[in-house]
Amino acid sequence: MFFSKASHAASGWEGFFSEGGRLQFIYPGPNTTFTFTNGSSLTLENIARVIGNFSDVANGQQFYSKFCSINFDNPTESIDVTQPAAHPLVASEYATPVITTSDSTLSGYYIDGKGQEEVAILSVLSFRPESLTEFQEVAQQFMINAKRDGKTKLIIDLSDNEGGSSLLSHDLFRQFFPTIQEDEVYRWRVGKAFMALAEIFSADSDDFDPVNATEGEIRWNKSWFNYHSDLNIDYQPFRSLEEKFGPYTIKGDNFTNNSRWNLNDPILTSDAIHGPGFNITGYDSRKISTQHFDASNIIMV
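Numbered according to the UniProt record's numbering, the sequence shown spans residues 1 to 301.
Right, dumping it as structure tokens:
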């Protein structure tokens with residue numbers, strides 16, 4: 001509802017009070033007063049943004065004649081509404097970043113205020129960048145530079161993050177905490193049709209050879225309906241269709257076993273054709289050991 005720098009940076013959204021939305025048909029009065037829990041208040045003038053051409057409109061009758069009356073013989077002039085330019089991801093309210101991706105989805109900042117010289121900020125507006133590898137590299141370089149520049153405290157700003165690739169969230173977590181195995185578990189509800197698909201996909205993938213496989217065979221093998229495609233709760237391959245798909249009864253309903261992604265699988269990660277085309281930090285060839293910020297000195301907003 002209200003303006004926030006993060007929302008404005010991510011999409012240009014300025015809140016209902018400036019954009020209209022559900023409040024546009026209700027006159028809010030000349031001012032809006034905000035009262036805070038500490039007893040203080042702030043009164044701001046409400047300003048209307050007029051998009052119609054109000055030349056020659058000085059009273060209600062002229063307004064009605066120009067905008068409300070319909071004359072098919074002499075149609076009124078068209079209203080020229082200027083479309084706003086595409087909004088950049090980094091708003092003018094933000095400080096100049098010390099490092100940023102080319103699309104500004106990820107940006108790093110230093111706070112120079114007195115007593116805050118040790119604080120760095122990583123703004124993550126989206127996990128849907130134009131380049132996944134650039135996002136990864138900028139995050140890594142920011143942490144290296146921040147440590148070099150004496151920054152010991154980190155604020156991770158996710159306040160208006162629009163989501164995106166969950167693989168990037170895995171990667172960023174492991175860059176912050178390279179020695180901690182992130183925990184992500186999922187399962188699906190099981191029905192007759194689900195089990196029929198699982199049996200078909202799994203049976204046709206028993207002899208899968210990734211080196212000589214066709215495009216269709218690779219996609220078939222990576223389907224979630226194939227028990228070979230992911231790992232069990234202990235990060236080990238499932239040994240059978242029954243081990244993964246069960247079904248397992250929980251509170252009267254049927255589910256699969258808990259599963260995890262196999263992030264060491266190049267087809268899922270580093271393969272640019274079938275995956276995102278980059279290795280996730282902490283897996284395969286991208287294992288790092290240096291943690292640049294202590295967990296007690298990191299906060300998320």
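Beta carbons are placed, not taken as given, at the ideal position from N, Cα and C, and that holds for glycine.
Please read all numbers here as calculations on a predicted model, not as lab measurements.
- Item | Rounded Cβ spacing between residue 302 and Leu168 (contact assumed at less than 8 Å) | The structure shown does not extend to residue 302, since the chain is modelled only from 1 to 301, so the question has no answer here.
- Task: Over the uninterrupted alpha helix (DSSP H) stretch that includes Val138, give me the two end residues.
- Result: For Val138, the enclosing alpha helix (DSSP H) starts and ends at 132–148.
- Message: Please tell me whether Ser40 and Thr33 are closer than 8 Å, where the distance is taken between their beta carbons.
- Response: Not in contact: Ser40 and Thr33 (Cβ atoms no closer than 8 Å).
- Task: Could you work out which residue in Leu263, Arg128, Ile144, Ala213 is closest to Ile99 when comparing CA atoms only?
- Result: When Leu263, Arg128, Ile144, Ala213 are compared, the shortest CA-CA separation from Ile99 is found for Ile144.
- Beta-carbon separation of Asp230 and Arg189 under 8 Å? Taking 8 Å as the cut-off, the Cβ atoms of Asp230 and Arg189 do not count as close.
- Using three-state DSSP, classify Gly108 as helix, strand or coil. Gly108: strand per DSSP, three-state reduction.
- Residues near Arg286 in its chain [Cβ-Cβ closer than 6 Å; skip 5 each side]: Closer than 6 Å at Cβ, skipping near neighbours: Asn279.
- Exposed or buried, which one is Val124 when buried takes at least 16 other CB atoms within 10 Å? Buried, because 16 or more other Cβ atoms sit within 10 Å of the Cβ of Val124.
- Per DSSP, which residues does Glu45 bridge with? Please list them. DSSP lists Asn31 as the beta-bridge partner residues of Glu45.
- Would you mind sorting Phe201 into buried or exposed? The rule is 16 or more other CB atoms within 10 Å of its CB. By the Cβ-count criterion, Phe201 is buried, with 16 or more other Cβ atoms from all chains shown falling within 10 Å of its own Cβ.
- Item | Residue environment, Asn226, which counts as buried when at least 16 other CB atoms sit within 10 Å | The residue in question, Asn226, is buried, as its Cβ has 16 or more Cβ neighbours within 10 Å.
- Which residue or residues does DSSP assign as beta-bridge partners of Ile267? DSSP links Ile267 through a beta bridge to no other residue.
- Is Asn254 helix, strand or coil by DSSP? Strand at Asn254.
- Item | Nearest residue (CA-CA) to Trp224, options Asn262, Phe293, Gln236, Ile250 | Checking every option, the nearest Cα to that of Trp224 belongs to Asn262.
- Message: So, for residue 304: in the same chain, excluding its five sequence neighbours on each side, which residues have a beta-carbon less than 7 Å away from its beta-carbon?
- Response: Within the shown structure, residues of the chain are numbered from 1 to 301, placing residue 304 beyond reach of any answer.
- Compare the beta carbon distance of Ser126 and Glu162 with 8 Å and say whether it is the shorter of the two. Here Ser126 is near Glu162, since their CB atoms are less than 8 Å apart.
- Message: Classify Gln136: buried if its beta carbon has 16 or more other beta carbons within 10 angstroms, exposed otherwise.
- Response: Answer is buried; the Cβ neighbour count reaches 16.
- Message: Less than 8 Å between CB atoms is the rule here; does Asn232 satisfy it with respect to chain C?
- Response: The question asks about chain C, but that chain is absent: this structure has only one protein chain.
- How far does the alpha helix (DSSP H) with Ala203 in it reach, from first residue to last? Boundaries of the alpha helix (DSSP H) harbouring Ala203: 192–203, taken from the DSSP string.
- Task: Could you spell out the range, first to last residue, of the alpha helix (DSSP H) harbouring Leu122?
- Result: From DSSP, Leu122 is part of no alpha helix (DSSP H) but of the beta strand (DSSP E) over 119–124.
- Query: Along the chain, where does the beta strand (DSSP E) that runs through residue 326 open and close?
  - Reply: Outside the shown range of the chain (1 to 301) lies residue 326, about which nothing can therefore be said.
- Message: Just to confirm the assignment, what range does the beta strand (DSSP E) spanning Ile153 have?
- Response: Per the sequence presented here, residue 153 reads as Lys, with Ile not at that position. Secondary structure note for Lys153: its beta strand (DSSP E) is the uninterrupted segment 153–157.
- Could you check what DSSP says for Arg260 in three-state terms: helix, strand or coil? Strand at Arg260.
- Task: Using three-state DSSP, classify Phe67 as helix, strand or coil.
- Result: DSSP places Phe67 in helix when its eight states are reduced to three.
- Taking DSSP as the reference, what is the three-state secondary structure of Phe293? DSSP places Phe293 in coil when its eight states are reduced to three.
- Message: Between which two residues does the beta strand (DSSP E) holding Thr218 run?
- Response: Residue identity differs from the one stated: residue 218 is Ile in this sequence, not Thr. From DSSP, Ile218 is part of no beta strand (DSSP E) but of the alpha helix (DSSP H) over 215–221.
- Item | Delimiting residues of the alpha helix (DSSP H) encompassing Arg174 | 166–176 is the span of the alpha helix (DSSP H), which, as asked, contains Arg174.
- Message: To the nearest angstrom, how far is the alpha carbon of Asp209 from that of Glu130?
- Response: If I take the Cα positions, the gap works out to 32 Å.
- Task: Please name the residue or residues paired with residue 327 in a DSSP beta bridge.
- Result: Residue 327 lies beyond the range of the chain shown here (1 to 301); nothing can be said about it.
- Query: According to the neighbour-count rule (16 or more other Cβ atoms, all chains shown, within 10 Å of its Cβ), is Pro237 buried or exposed?
  - Reply: For Pro237, the number of other beta carbons within 10 angstroms of its own is below 16, and it is reported as exposed.
- Asp294 versus Lys147 - alpha carbon distance: Going by the C-alpha atoms only, they are around 11 Å apart.
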